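S.K.:
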Amino acid sequence: MGVEFHITRAEFWADNEDSQISSEEWLNVVNTDPEFSIYEPSGEFFALWSGESAYPESWLEWCNGNISTKWPDTALYLKMLEVAKLLNAKVMDDDGTEYSSPGEWVFTPKS
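The sequence shown maps to residues -15 to 95 in our numbering.
(1) Report all residues from its chain with a CB closer than 8 Å to the CB of Phe20; omit the five preceding and five following residues, and keep chain order.
(2) Can we say the stretch 82 to 92 touches the stretch 21 to 30, given the rule of at least three CB pairs closer than 8 Å?
(3) Below 8 Å on the Cβ atoms is my contact criterion, and I expect Ile(-9) with Leu60 to pass it. Report the Cβ-Cβ distance as a whole number of Å.
(4) Where do the N-terminal and C-terminal ends of the beta strand (DSSP E) with Ser85 fall, by residue?
(5) With a 10 Å radius around its C-beta and 16 neighbouring C-beta atoms as the bar for buried, classify Asn50 as buried or exposed.
(6) So Val14 is in the alpha helix (DSSP H); what residue range does that whole segment cover?
(7) Flag this pair as yes or no: are the beta carbons of Asp17 and Ser37 separated by less than 7 Å?
(8) DSSP state of Lys94, grouped into three classes?
(9) I need the straight-line Cα distance from Lys69 to Leu11, nearest angstrom please.
(10) Ignore the nearest five residues each way along the sequence and tell me which others in Trp(-3)'s own chain have a CB closer than 6 Å to its CB.
(11) As a quick exercise: from Gln4, Trp55, Ser6, pick the residue whose alpha carbon is nearest that of Gly(-14).
Shown next as structure tokens:
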């Protein structure tokens, strides 16, 4: 079991038929941000983030109109807030809880 976070435009991330982020929008973010790079072995929309993360590999992946990751550390969460702002979207967990400011999610994984 884990925590999954989503960048979404929907009221609830799983019900996003009318408010999807397109794959082209996601790839535009990846291609214009030097901290992102597509990692093709994991898929054409799977991006590694090179920012200051507690994880050796932090990632975000576009799928079905949302951009998601599992167990983001605080640094990746902050990057998700930036990406959400660029895409006129929001950050939400699996339960539908919205996160909109830096202090709302603080997580440092154990080594």
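For glycine and all other residues, C-beta sits at the position ideal for the given N, C-alpha and C.
Predicted model, so just to flag it, every value in this text is computed and none were measured.
M.R.: Based on what the coordinates show:
(1) Counting only Cβ-Cβ distances below 8 Å, and skipping sequence neighbours, we find Val13, Val14, Ala31, Leu32, Trp33, Ser34, Leu44.
(2) no
(3) Going by Cβ atoms, the distance from Ile(-9) to Leu60 rounds to 11 Å, so no, they are not a contact pair.
(4) Counting along the chain, Ser85 falls outside any beta strand (DSSP E), and DSSP gives it neither H nor E.
(5) buried
(6) 7 to 16
(7) no
(8) coil
(9) 15 Å
(10) His(-10), Asn50, Met76
(11) Trp55
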